[in-house]
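Asks: Quick one: the structure is below, questions incoming.
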DNA sequence: AGGACGGTAGTTTTT
DNA sequence: CTACCGTCCT
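Numbering (this note's numbering), first residue to last: 1 to 739.
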């Protein structure tokens, strides 16, 4: 492909970004401005115009999805020209480097990667061994602290101890790391950390990679943490050809260690950086962009961007103020139905976003009631399922018998009468001798001849030895069988199927999940166990969720990043929800909440619906709310307020705490009775024994119809699917005949 | 080893 | 309010 063809569909800013010279480049790309487009065209430009060999290019992303997308799009531009390129997520690139450079590390090349659950179990064990009170210091909070320290590349001994808790974290951190190393395991953070340290401390390794990667490209740069930034700095140290793309305004992972100040650091560390702004937006209407800009402009430490579009101003932003959160969810459901039925929106073009997962519940209820299809993003994870983890743990154990976390997971699953006491005794004994439980287990296979036999409990030792010989056998088979056959053999040996597949539907599902793992294993026959386990650990299941274009998407604002929808609803734009109550006392966190709102707004192509409720279900009863402070920043003339409640006297967004106490009193009056002016009871549109027709379920008989909460609720027995409860206003039923 | 009870916490989650 | 975890009891 020649340069002309490559550039023909780009705007001037994009052309500049794609064709700029070598050296450090910082592309700040507003939402919808063609960030991925620029990155992929730049890669194609490097290879086909500048003649760079793919082997000398490194491209890193945060998600597998992004990596796949970029790969696909570059191949589209320059087919068959990517041989030798290294492209992948930070974690997978690091995993590869570490496998290759294991000789420099405290682990061997067949190390396993621990996920959150595994990490937590190591922390728990460490906490117990150190006699720390789990009530006072929750393992999950300690783990969180450890993770942040690792992201910042701080070793236990480098910590500043400001509180007793810091001291606890320090001790656990130290122990935790020892356990990981002795298990020949790394956690997600270690992948980055080990690589960053390796490049920092081993000049010959650093030079090798820094020379190879003549050009480095980074996606979503604003989300890098210190470890990632450090490793990039070292990798780019030789050639300085580092091309980073990002947007400070979309940095929403501070709590995971991401530090958008890396954008500022970048300019300082790489003098002569070419900085390019992409400000033309191809996604949203000008109204949406103006609202977004009004919200984000109040943040500091950012490069101001003037997003513009050629799409025209479009519709106003809808703001709906509901009485309570239930009504708010019903409103959204109803509006979504309207968009689909009246405005011919595809359900898949509609998304509902919220701050916390818990908020999805009322929405789901409303959708179920209205018989509307929806899909929930990020609810249940395939790899998080118990049976999947069990099966993987078996495989990991055979791959790396030092892995005590996996051993502990499977040694009594299915039950082998090896209880906690026996296992603890085994591990303690092993640690005293400075070896792993697996080592002892395998030695016990010799029976009473084993030097360790007498140190185990009488009852437990035989059962341990039994499991040991199983493990021994599998280890011997490992070299001869394929992954699939080995896995099948193991599952048969332990009668795993009988264990999980009971008569229930759930049992069937579970076995189905196991079969899915087997199927995945089959795909890795050629690449081997290392690659298979690595991909299980590092490849999320984002794309194992089937696409459902006929359903409305419900997702958190975080999960919405990088996506776009024709119509976007943002649910719960109230103080303490967005911004979240936990962020209120920290200005940095408030800025991040603001970015989160910004990300949500800028997902919308045509229609944006913001909603809030004057009463919201707290932990106990109902709480009164204040409108989100972010709403105040959106100019009134961009909004169309659609709420139907209370006075709009104060500022038009529903109650606002100008005179809070008085307001509250007033609201309580409002609450009881709930409808001071009783809503007119709508008349029943459907009666029992009426033949009706539904757009998707066909015909059925009305069994009963009544008014609930001011809505007509109809029970219909459909010929196709049986009994359904529907809202008359939304279901779109037509009467066929009356009996 | 599994069920019942009680206490406690209750954001976001690319890998 | 509920969902989850740990503990205790059978």
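Where a beta carbon is used, it is the ideal one built from N, C-alpha and C, also for glycine.
Which partner residues does residue 640 have in the DSSP bridge list?
Replies: In the first chain, counting from the first residue as 1, residue 640 sits at position 640. Residue 640 is bridged to 318.
Asks: Helix or strand or just coil, what does DSSP make of residue 4?
Replies: Taking the first chain and counting its residues from 1, one reaches residue 4 at position 4. Note: residue 4 maps to helix in three-state DSSP.
Asks: Do the CB positions of residue 360 and residue 622 come within less than 7 Å of each other?
Replies: For the purposes of this step, residue 360 is identified with residue 360 of the first chain, where counting begins at 1. For the purposes of this step, residue 622 is identified with residue 622 of the first chain, where counting begins at 1. No. Outside cutoff.
Asks: Which whole-angstrom value is the C-beta distance of residue 727 and residue 713, which I expect to be below 8 Å?
Replies: Within the first chain, the letter at position 727 stands for residue 727. Within the first chain, the letter at position 713 stands for residue 713. Right, the Cβ-Cβ distance comes to about 6 Å (below 8 Å), so this counts as a contact.
Asks: Check residue 631 in the structure and name its three-state DSSP category.
Replies: Residue 631 sits at position 631 when you count from the first residue of the first chain. DSSP places residue 631 in helix when its eight states are reduced to three.
Asks: What first and last residue would you give for the alpha helix (DSSP H) that runs through residue 530?
Replies: Stepping through the first chain from its first residue, residue 530 is reached at position 530. First-last of the alpha helix (DSSP H) with residue 530: 528-538.
Asks: Just to confirm before moving on: does the CB-CB distance between residue 347 and residue 552 stay below 7 Å?
Replies: Numbered from 1 along the first chain, position 347 holds the residue referred to as residue 347. Numbered from 1 along the first chain, position 552 holds the residue referred to as residue 552. Yes.
Asks: Residues in its own chain within less than 8 Å of residue 298 by CB, not counting five upstream and five downstream?
Replies: Translated into positions along the first chain, residue 298 becomes position 298. Result list for residue 298: 594 and 633, in chain order.
Asks: Which same chain residues end up closer than 7 Å to residue 465 when comparing Cβ atoms and leaving out the 5 residues on each side of it in sequence?
Replies: As a working note, residue 465 is residue 465 in the first chain. Closer than 7 Å at Cβ, skipping near neighbours: 444, 445 and 447.
Asks: Taking residue 49 as the reference, which of 320, 2, 71 and 84 has the closest Cα?
Replies: Within the first chain, residue 49 is the residue found at index 49, counting from 1. With distances taken between Cα atoms, residue 49 lies closest to 2.
Asks: Does residue 85 come out as helix, strand or coil in the three-state DSSP assignment?
Replies: What you label residue 85 is simply residue 85 of the first chain in a count that begins at 1. The answer is coil: DSSP assigns residue 85 none of H, G, I, E or B.
Asks: Rank 539, 504 and 579 by C-alpha distance to the C-alpha of residue 628 and give the top, closest one.
Replies: Position 628 of the first chain, counted from the first residue, corresponds to residue 628. Cα-wise, what sits closest to residue 628 is 579.
Asks: Assign residue 606 to buried or exposed, taking buried as 16 or more other Cβ atoms, counted over all protein chains shown, within 10 Å of its Cβ.
Replies: Residue numbering aside, residue 606 sits at position 606 when the first chain is read from its first letter. Residue 606 is buried by the Cβ-count criterion.
Asks: At the level of alpha carbons, what is the spacing between residue 352 and residue 569?
Replies: Stepping through the first chain from its first residue, residue 352 is reached at position 352. Stepping through the first chain from its first residue, residue 569 is reached at position 569. Rounded to whole angstroms, residue 352 to residue 569 spans 5 Å at the Cα level.
Asks: CB-CB under 7 Å to residue 591, same chain, minus the five flanking residues each way: which ones, in chain order?
Replies: Indexing the first chain from 1 puts residue 591 at position 591. Counting only Cβ-Cβ distances below 7 Å, and skipping sequence neighbours, we find 299.
Asks: Could you check if residue 373 is buried or exposed, using at least 16 other CB atoms within 10 Å of its CB as the buried criterion?
Replies: Numbered from its first residue, the first chain carries residue 373 at position 373. Residue 373 comes out exposed.
Asks: By Cβ distance below 7 Å, which residues in the same chain neighbour residue 293 in space, the five residues on each side in sequence not counted?
Replies: Locating residue 293 in the first chain gives position 293, counting from the first residue. Correct list, in chain order: 307.
Asks: Determine the closest residue to residue 149 out of 138, 290, 135 and 190, with distance taken between C-alpha atoms.
Replies: Within the first chain, numbered from 1, the residue matching residue 149 stands at position 149. Considering only alpha carbons, the answer is 190.
Asks: How far does the alpha helix (DSSP H) with residue 585 in it reach, from first residue to last?
Replies: Within the first chain, numbered from 1, the residue matching residue 585 stands at position 585. No alpha helix (DSSP H) contains residue 585, which DSSP labels as neither H nor E.
Asks: What does a CB cutoff of less than 7 Å around residue 493 pick up in its chain, not counting 5 residues either side in sequence?
Replies: Here residue 493 is taken as the residue at index 493 of the first chain, counted from 1. Answer for residue 493: 470, listed in chain order.
Asks: According to DSSP, residue 737 sits in a beta bridge with which residue or residues?
Replies: Against the first chain, residue 737 aligns to sequence position 737. Looking at the DSSP assignment, residue 737 forms a beta bridge with 691.
Asks: Whose C-beta lies closer than 8 Å to the C-beta of residue 16 among residues of the same chain, with five residues either side of it excluded?
Replies: Translated into positions along the first chain, residue 16 becomes position 16. Around residue 16: 276.
Asks: Cα separation between residue 259 and residue 226?
Replies: Residue mapping note: residue 259 aligns to position 259 of the first chain, counting from 1. Residue mapping note: residue 226 aligns to position 226 of the first chain, counting from 1. Each residue's Cα considered, the two are about 7 Å apart.
Asks: Are residue 309 and residue 286 closer than 7 Å when you measure CB to CB?
Replies: On the first chain, position 309 is the one that residue 309 refers to. On the first chain, position 286 is the one that residue 286 refers to. Contact: yes.
Asks: Going by DSSP, name the residue or residues bridged to residue 501.
Replies: Taking the first residue of the first chain as 1, we reach residue 501 at position 501. Bridge partners of residue 501: none, in fact.
Asks: Would you kindly work out how many angstroms separate the C-alpha atoms of residue 157 and residue 124, rounded to a whole number?
Replies: Position 157 of the first chain, counting from 1, holds the residue named residue 157. Position 124 of the first chain, counting from 1, holds the residue named residue 124. Using only the alpha carbons, I get a separation of about 21 Å.
Asks: Below 7 Å CB to CB, which residues in the same chain sit around residue 410 once its five sequence neighbours on both sides are set aside?
Replies: As a position in the first chain, residue 410 is number 410, starting the count at 1. So the list reads 390, 393, 394 and 397, once near-sequence residues are dropped.
Asks: Taking the beta strand (DSSP E) that residue 613 belongs to, which residues open and close that run?
Replies: If you number the first chain from 1, residue 613 lands on position 613. 604-617 is the span of the beta strand (DSSP E), which, as asked, contains residue 613.
Asks: What did DSSP end up calling residue 116 once you bin it into helix, strand or coil?
Replies: For the purposes of this step, residue 116 is taken as residue 116 along the first chain, with counting starting at 1. In the structure shown, residue 116 sits in a helix (DSSP, three-state: H, G or I).
Asks: Does the contact criterion of 3 or more C-beta pairs under 8 Å hold for the stretch 517-531 versus the stretch 484-501?
Replies: In the pairwise beta carbon analysis, the stretch 517-531 is classified as touching the stretch 484-501: at least three pairs are separated by under 8 Å.
Asks: Does the separation of the CB atoms of residue 386 and residue 416 fall below 7 Å?
Replies: Against the first chain, residue 386 aligns to sequence position 386. Against the first chain, residue 416 aligns to sequence position 416. Contact flag unset, no.
Asks: How would you label residue 400, buried or exposed, when you count the other beta carbons within 10 angstroms and need 16 or more for buried?
Replies: Residue mapping note: residue 400 aligns to position 400 of the first chain, counting from 1. Counting of Cβ neighbours within 10 angstroms places residue 400 among the buried residues, the total reaching 16 or more.
Asks: Do residue 559 and residue 377 have their CB atoms nearer than 7 Å?
Replies: Within the first chain, residue 559 is the residue found at index 559, counting from 1. Within the first chain, residue 377 is the residue found at index 377, counting from 1. Yes.
Asks: In whole angstroms, give me the CA-to-CA distance for residue 67 and residue 626.
Replies: Here residue 67 corresponds to residue number 67 of the first chain, with the count starting at 1. Here residue 626 corresponds to residue number 626 of the first chain, with the count starting at 1. Rounded to the nearest angstrom, the two C-alpha atoms are 41 Å apart.
Asks: Rounded to whole angstroms, what's the CA-CA distance from residue 22 to residue 573? Just pull it up for me.
Replies: The residue given as residue 22 occupies position 22 in the first chain. The residue given as residue 573 occupies position 573 in the first chain. Rounded to whole angstroms, the separation of the alpha carbons of residue 573 and residue 22 is 44 Å.
Asks: Measure the Cβ-Cβ separation of residue 179 and residue 145 and say whether it is below 7 Å.
Replies: The sequence position of residue 179 within the first chain is 179, counting from 1. The sequence position of residue 145 within the first chain is 145, counting from 1. Going by C-beta atoms, residue 179 is not nearer than 7 Å to residue 145.
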